[in-house]
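Student: Mind looking over this structure? Questions follow.
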Amino acid sequence: MAAQDLVWLGVAAGLVGLGVYGVLVAGHLLRKLLALNLLGTAVFLLMVVLGRRGAATPDPVSQAMVLTGIVVAVSATAFGLALMLALYRRSGEAALDDEAGAPDGDGRD
Amino acid sequence: MSLVELAAALFLLCGCAFFLAGTLGLLRFPDTLSRLHALTKADNVGLLLICIGLAIQSGSLRASLQLGLVWLLALTASTVSAHLVARRAHRQSNGAGR
Amino acid sequence: MMLLAFDLLLAAGLLGLAVLVVAGPTLFVSLVAYTVFGLLMAVAWARLGAPDLALAEAAIGAGLTGAMLMLSYRRLLAIRPERTGQRLVRRSRLALPIALACTVLSAGLFMALAGLPEPQRSAGGDALAATAQSEVGNPVTAVLLLFRGYDTLLELLVLLVAWLGVAMVQAQARPSAPRPPAPVPLLDALLAAVVPGTVLVGGYLLHAGGQAPGGAFQAGAVLAAAGVLMALAGRLQPRARATPVQAGLLVLGLLVFTAAGLWPLAAGQPLLALDGLATVYAVEAAMTVSIALGLCLLFLGAAGLGSK
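Chains as they are written, first to last, in my numbering: chain A, 24 to 132; chain B, 596 to 693; chain C, 488 to 795.
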């Protein structure tokens, strides 16, 4: 594999780790949503980099699928944000805010 | 390295220096207004220098005009956003709030 | 060599920003880091030889998502100002073990993928060959509309369903009257200059998509950005419910694509076997309208601007 592809493969693999970490550890839902988006970007990067192997031109199939994926990701993020705001409006309490200083931390350990 | 390449490299380096100065100001200056001052002035000149450097490097009129358009658009957007940020900061410091 | 150095720098920037996103000191730092991450991703797609993705990422990933996140953050601040801006100091006791496990996951993934053999024959190669025989010059557009039409058609449906979901959640929100933003003369001047230009760029991207990087997704995203800009400046008043015209435009892309996809059946062709450049452009144009309006309404709903 070319050096450039290895660099981007490294970024994608690193983003997978960071994304999973964020989804599991982040207490605030907004941050979980961001971590989920990082995970999505990692998958997009993997698809494009793996589509580049041994090809003179970038793979149009993986590009087209990632293009669709970007729009789906923003749709899901918008829905997630709307749900989060609705929850926050209704409960206002710890459900979202654990990370920001509830006495028992995330309440998850 | 030809004279043209040298000139392009010189412009690009100068542009980067301006960006460096602008970022330094953004990080080191004490309040919002002086940070904006550093950012808007230094970065817009830096972008202009980089666009000139790239235009020289490209050697085509079409690409040069496109780069000029990029600079103009960035200038417009940064003017308005700097104005909005400054306005907000000014109102808040006067205790008026919003 | 220089380009590899640039890639390494970009990669380091992306990973550093991602660390800030998941572990930054405050929520605000995370949001800003994520927005900058989107911008750098656009550069990364360009470096990877995918200009179509760079355009989409710059308009959607950095632009729309960034603005949407900032507005949501402002809503959170408005509801509970004392909590939202706080430093996020407390972490789960499991954070360290999870971090270790995730490092192992990343390393394992990298080792496994770096060792993959190069494929002899790929779908991408077949698509390039088939594109050369069609009238469409941009292989990505060809894949989206000619070879993998199901993906694109159902993607329009996903956008519609997401909007329905947002609208349903919004309908239950307690009505709150958003303050109309104070008029800013300079902002109005910017809108007058930028919005027509944005419409022009959207039209160009749609037109160029047949032969060069661009297409319905990018055009729709750019047009949606113009709508968002106007809504933020208070020029577009969001409504709680979509008007019949809006609803019609929202499903226009889906309807035109379905109709164009059913048509070949009559001639004994398979479903979604779109024929001819004119059909492709008609479907793309309808899709652009639906995507632009869909993204714009999603944005307004998600950011809580529509609750009135």
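Ideal placement from N, C-alpha and C gives every residue a C-beta, glycine not left out. Keep in mind that this is a model prediction, so the values were computed, not measured.
Put Thr513(C) into one of helix, strand or coil per three-state DSSP.
Tutor: Taking the first residue of the third sequence as 1, we reach residue 513(C) at position 26. The answer is strand: DSSP assigns Thr513(C) an E or B state.
Student: Find the residues of chain C that neighbour Met88(A), judging by a C-beta separation of less than 7 Å, and give them in chain order.
Tutor: In the first sequence, the residue the question calls residue 88(A) occupies position 65. The answer, in chain order, is Asp638.
Student: Identify the continuous alpha helix (DSSP H) that holds His632(B) and give its terminal residues.
Tutor: Looking up residue 632(B) in the second sequence gives position 37. That run of the alpha helix (DSSP H) goes Thr627 to Ser653.
Student: Note down, in chain order, each residue of its chain lying with its Cβ closer than 7 Å to the Cβ of Ile651(B), except the 5 sequence neighbours on either side.
Tutor: Here residue 651(B) refers to the residue found at position 56 of the second sequence. So the list reads Val599, Ala602, Ala603 and Phe606, once near-sequence residues are dropped.
Student: According to the neighbour-count rule (16 or more other Cβ atoms, all chains shown, within 10 Å of its Cβ), is Glu544(C) buried or exposed?
Tutor: For this step, residue 544(C) is matched to residue 57 along the third sequence. Label assigned to Glu544(C): buried.
Student: Ordered along the chain, which non-local residues of its own chain (more than five positions away) have a Cβ less than 7 Å from that of Ala118(A)?
Tutor: Residue mapping note: residue 118(A) aligns to position 95 of the first sequence, counting from 1. Confidence in Ala118(A) is poor, its pLDDT being 43 and thus under 50, which makes the residue's placement unreliable; the coordinate value appears in the next sentence. Cβ neighbours of Ala118(A) beyond the five flanking positions: Leu110.
Student: To the nearest angstrom, how far is the alpha carbon of Gly74(A) from that of Ala699(C)?
Tutor: Translated into positions along the first sequence, residue 74(A) becomes position 51. Translated into positions along the third sequence, residue 699(C) becomes position 212. Cα to Cα, the separation comes out at about 20 Å.
Student: Checking 8 Å against the spacing of the C-beta atoms, do Gly620(B) and Leu634(B) come in under that value?
Tutor: Looking up residue 620(B) in the second sequence gives position 25. Looking up residue 634(B) in the second sequence gives position 39. For Gly620(B) and Leu634(B), yes; Cβs fall inside 8 Å.
Student: Mind checking if Val770(C) is an interface residue toward chain B, Cβ cutoff 8 Å exclusive?
Tutor: The count along the third sequence starts at 1 and reaches residue 770(C) at position 283. So, not an interface residue.
Student: Cβ closer than 7 Å: which chain C residues qualify as neighbours of Val66(A)?
Tutor: Here residue 66(A) refers to the residue found at position 43 when the first sequence is read from its first residue. Neighbours of Val66(A) on chain C: none; closest Cβ ~11 Å, over 7 Å.
Student: Please confirm if the region 776-784 of chain C is in contact with the region 693-713 of chain C, defined as three or more CB-CB distances below 8 Å between the two stretches.
Tutor: Segments in contact, yes.
Student: Look up Glu771(C) in the DSSP assignment and say whether it is helix, strand or coil.
Tutor: As a first step, residue 771(C) must be located in the third sequence, where it is residue number 284. Looking at Glu771(C) - three-state DSSP - the assignment turns out to be helix.
Student: So what does DSSP say about Pro584(C), is it helix, strand or coil?
Tutor: The residue labelled residue 584(C) in the question sits at position 97 within the third sequence. In the structure shown, Pro584(C) sits in a helix (DSSP, three-state: H, G or I).
Student: Give every residue of the same chain whose Cβ lies closer than 6 Å to the Cβ of Thr552(C), excluding the five residues on either side of it in the sequence, and list them in chain order.
Tutor: Taking the first residue of the third sequence as 1, we reach residue 552(C) at position 65. Cβ neighbours of Thr552(C) beyond the five flanking positions: none.
Student: For Val34(A), which residues from the same chain have a beta carbon less than 7 Å from its beta carbon, with the 5 sequence-adjacent residues on both sides left out?
Tutor: Position 11 of the first sequence, counted from the first residue, corresponds to residue 34(A). Same-chain partners within the cutoff: Leu68.
Student: I need the boundaries of the alpha helix (DSSP H) containing Ile547(C), first residue and last residue.
Tutor: Translated into the one-based positions of the third sequence, residue 547(C) becomes position 60. Where Ile547(C) is concerned, there is no enclosing alpha helix (DSSP H), given that its DSSP letter is neither H nor E.
Student: Among the residues of its own chain, which have a CB less than 6 Å from the CB of Leu662(B), if the five just before and after it don't count?
Tutor: The residue given as residue 662(B) occupies position 67 in the second sequence. Cys646, Leu649 and Ala650.
Student: So, at 8 Å on beta carbons, what are the nonlocal neighbours of Phe634(C) in its own chain, with the 5 sequence-adjacent residues on each side left out?
Tutor: Taking the first residue of the third sequence as position 1, residue 634(C) is located at position 147. Cβ neighbours of Phe634(C) beyond the five flanking positions: Ala614 and Ala617.
Student: Report yes or no: do the region 673-681 of chain B and the region 501-509 of chain C share at least 3 C-beta pairs separated by less than 8 Å?
Tutor: Too few Cβ pairs lie closer than 8 Å, so no.
Student: Just the C-alpha distance for Ser777(C) and Leu736(C), rounded to the nearest angstrom, thanks.
Tutor: Indexing the third sequence from 1 puts residue 777(C) at position 290. Indexing the third sequence from 1 puts residue 736(C) at position 249. Their backbone Cα atoms lie some 6 Å apart in a straight line.
Student: According to the neighbour-count rule (16 or more other Cβ atoms, all chains shown, within 10 Å of its Cβ), is Phe493(C) buried or exposed?
Tutor: Reading the third sequence from its first residue, position 6 is the one you call residue 493(C). That one is exposed.
Student: With Thr685(C) as the anchor, note down where its alpha helix (DSSP H) starts and where it stops.
Tutor: For the purposes of this step, residue 685(C) is taken as residue 198 along the third sequence, with counting starting at 1. Looking at the DSSP string, the run of the alpha helix (DSSP H) that includes Thr685(C) is Pro672 to Ala695.
Student: By the 10 Å Cβ neighbour count, where 16 or more other Cβ atoms means buried, how is Leu47(A) classified, buried or exposed?
Tutor: Working through the first sequence from its first residue, we reach residue 47(A) at position 24. Leu47(A) should be labelled buried.
Student: Taking 8 Å as the CB-CB cut-off, is His632(B) touching chain C?
Tutor: For this step, residue 632(B) is matched to residue 37 along the second sequence. Chain C contact via Cβ: absent.
Student: Note down, in chain order, each residue of its chain lying with its Cβ closer than 6 Å to the Cβ of Tyr44(A), except the 5 sequence neighbours on either side.
Tutor: For the purposes of this step, residue 44(A) is taken as residue 21 along the first sequence, with counting starting at 1. Excluding positions up to five away in sequence, the list is empty.
Student: For Leu615(B), go through chain D and note every residue whose CB falls closer than 7 Å to its CB, in chain order.
Tutor: Going by chain labels, chain D is absent from the structure shown, which instead holds the protein chains A, B and C.
Student: Cβ atoms of Leu761(C) and Val767(C): under 8 Å apart, would you say?
Tutor: In the third sequence, residue 767(C) corresponds to position 280, counting from 1. In the third sequence, residue 761(C) corresponds to position 274, counting from 1. In contact: Val767(C) and Leu761(C) (Cβ atoms closer than 8 Å).
Student: Look up Met596(B) in the DSSP assignment and say whether it is helix, strand or coil.
Tutor: Translated into the one-based positions of the second sequence, residue 596(B) becomes position 1. Note: Met596(B) maps to coil in three-state DSSP.
Student: How far does the alpha helix (DSSP H) with Ala51(A) in it reach, from first residue to last?
Tutor: The residue labelled residue 51(A) in the question sits at position 28 within the first sequence. Correcting the residue type first, residue 51(A) is His in the shown sequence and not Ala. No alpha helix (DSSP H) holds His51(A); DSSP gives it neither H nor E.
Student: Please list, in chain order, the residues of the region 706-728 of chain C that have any C-beta partner in chain B closer than 8 Å.
Tutor: The region 706-728 of chain C vs chain B, Cβ under 8 Å: nothing.
Student: Rounded to the nearest angstrom, how far is the Cβ of Val743(C) from that of Val770(C), given a contact under 8 Å?
Tutor: By one-based count along the third sequence, residue 743(C) stands at place 256. By one-based count along the third sequence, residue 770(C) stands at place 283. The pair is a contact, with the Cβ atoms about 6 Å apart (cut-off 8 Å).
Student: For Leu106(A), which option in Trp650(C), Ala546(C), Asp638(C) and Ala594(C) has the closest C-alpha, if you only look at C-alpha atoms?
Tutor: Within the first sequence, numbered from 1, the residue matching residue 106(A) stands at position 83. Cα-wise, what sits closest to Leu106(A) is Trp650(C).
Student: Within the chosen definition, does the region 558-568 of chain C reach the region 635-650 of chain C through at least 3 CB pairs nearer than 8 Å?
Tutor: The region 558-568 of chain C vs the region 635-650 of chain C: no contact.
Student: Determine whether the beta carbon atoms of Leu502(C) and Gly103(A) lie at a separation below 8 Å.
Tutor: Numbered from its first residue, the third sequence carries residue 502(C) at position 15. Numbered from its first residue, the first sequence carries residue 103(A) at position 80. No, these two residues do not count as a Cβ contact at 8 Å.
Student: Quick check: what's the CA-CA separation for Ala123(A) versus Thr522(C)?
Tutor: Your numbering for residue 123(A) matches position 100 in the first sequence. Your numbering for residue 522(C) matches position 35 in the third sequence. Unreliable placement is indicated for Ala123(A), whose pLDDT of 46 sits below 50; the coordinate value is still reported in the next sentence. Spanning the two alpha carbons is a distance of roughly 22 Å.
Student: Would you say His716(B) faces chain C, with C-beta separation under 8 Å as the test?
Tutor: No information on residue 716(B) is available, as it lies outside the stretch 596 to 693 that chain B covers here.
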